[in-house]
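Structure, as structure tokens:
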Amino acid sequence: MLLEVRDLKVNYGVIEAVKGVSFSVGEGEIVTLVGANGAGKTSILRAISGLADVRRGQVLYGAADEVNLVGMPPHDIVKQGISHVPEGRLIFAPLTVRENLLLGAYTRNDKENFEADLDGVFSVFPRLKERVNQVGGTLSGGEQQMLAVGRAMMSRCHLLLLDEPSMGLAPIIVEEVFSTIVKLKEMGTPILLVEQNANMALSVADRGYVLETGNIVLSGNASDLAQMDEVRASYLGK
Ligand SMILES: Nc1ncnc2c1ncn2[C@@H]1O[C@H](COP(=O)(O)OP(=O)(O)OP(=O)(O)O)[C@@H](O)[C@H]1O
Ligand SMILES: [Mg+2]
7 MLLEVRDLKV NYGVIEAVKG VSFSVGEGEI VTLVGANGAG KTSILRAISG
57 LADVRRGQVL YGAADEVNLV GMPPHDIVKQ GISHVPEGRL IFAPLTVREN
107 LLLGAYTRND KENFEADLDG VFSVFPRLKE RVNQVGGTLS GGEQQMLAVG
157 RAMMSRCHLL LLDEPSMGLA PIIVEEVFST IVKLKEMGTP ILLVEQNANM
207 ALSVADRGYV LETGNIVLSG NASDLAQMDE VRASYLGK
């Protein structure tokens, strides 16, 4: 496995947000964590990135030489090849599209490949190419989401953590974002996808885990989960 989370526990003061969860992401996989508001999805991604206080457990990363990411500073976790697109996107509003993408590449040593990778991002998101000199803050919501994902691509990450990429987007843009997720997977990037839009998430994922108030209550192949009555009733609105 590329990422193996074991018995992860995250607290905020006395609040137990994540109560001991275990799951994995393999090479070339899209794995999704689905669950209602407050289930602990964001906390898990933040724990992997070194941004949340881990009380217990391990986050083992690496196909060959496994390292435990728990306790590692966030900038070192980025250097391990993990890129996190947080909830709410957080692009740099005053900077242009090009400058935002340049910042995505800042931890890389091979700056000479920047232009070629930029072309790669533009082939996935032609919309960004048209707007290369526009400032980020004036992009539409969907375009900002594309920019956030493009920035993650520029880091040449080996694992992409995506938190609610469909949030606040029109249905047609949601379709675009999800087809991009599939493209990234086809380009070989494993993805851990957090979504409230369980329908879309399970349709693109290989495997999934269902979270309820800090615990994993179901797991399996994404297509099997999408067929299960309890998942359909609680998360798919069917
Ligand atoms: N900084 C914080 N301080 C205190 N409690 C927090 C903090 N961040 C999150 N929590 C709590 O931890 C629990 C899990 O939150 P988390 O953001 O991980 O949920 P989520 O599954 O991502 O929800 P959503 O779908 O609404 O984004 C919630 O009860 C939340 O109120
Ligand atoms: Mg969240």
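My numbering numbers the first residue of the sequence shown as 7 and each following residue consecutively.
C-beta atoms are modelled at their ideal positions from N, C-alpha and C, and glycine is treated no differently.
**OP:** Starting from the N-terminal side, write out each stretch of the alpha helix (DSSP H) that is 4 residues or longer and does not extend beyond the segment 22-61.
**Re:** 47-54
Subject >> Range of the contiguous beta strand (DSSP E) that encloses Ile197 >> reply: Counting along the chain, the unbroken beta strand (DSSP E) around Ile197 starts and ends at 197-201.
Original post:
Quick one: is the Cβ of Thr48 within less than 6 Å of any heavy atom of ligand 4?
Top reply: Ligands in the displayed structure: ligand 1 and ligand 2; ligand 4 is not one of them.
**OP:** Would you check if the segment 40-49 and the segment 13-25 touch, i.e. whether three or more CB-CB distances between them fall below 8 Å?
**Re:** yes
Original post:
Ordered along the chain, which non-local residues of its own chain (more than five positions away) have a Cβ less than 8 Å from that of Gly34?
Top reply: Lys191, Gly194, Pro196
Original post:
Based on the DSSP secondary-structure assignment, which residues constitute the bridge partners of Gly91?
Top reply: First, the residue type needs correcting, since residue 91 is Val and not Gly in the sequence shown. Note: Val91 sits in a beta bridge opposite Leu168.
Original post:
So does Glu182 have its beta carbon nearer than 6 Å to some heavy atom of ligand 2?
Top reply: Because no heavy atom of ligand 2 lies under 6 Å away, the Cβ of Glu182 does not count as near it: no.
**OP:** Give the secondary structure of Asp212 by DSSP, where H, G and I count as helix, E and B as strand, and everything else as coil.
**Re:** coil
Subject >> For Phe23, the nearest candidate out of Thr144, Met7, Met152, Ala42 (CA to CA) >> reply: The question names Phe, but residue 23 is Ala in the sequence shown. Nearest of Thr144, Met7, Met152, Ala42 to Ala23, Cα basis: Ala42.
Original post:
What do you reckon, are the CB atoms on Pro171 and Gln202 nearer than 7 Å?
Top reply: no
Subject >> Where Asp71 sits in the DSSP three-state scheme >> reply: Of the three classes helix, strand and coil, the one that applies to Asp71 here is coil, per DSSP.
Original post:
Exposed or buried, what is Glu218 when buried is set at 16 or more other beta-carbons lying within 10 Å of its beta-carbon?
Top reply: exposed
Original post:
Among all the DSSP beta bridges, which residues are the ones paired with Lys117?
Top reply: Paired residue(s): none; Lys117 is not in a bridge.
**OP:** Give the DSSP bridge partners of Thr102, in chain order.
**Re:** Val141
**OP:** Taking 7 Å as the cut-off, decide whether the C-beta atoms of Gly147 and Leu175 are in contact.
**Re:** yes
Original post:
What are the residues that DSSP puts in a beta bridge with Leu96?
Top reply: Per DSSP, none; premise fails for Leu96.
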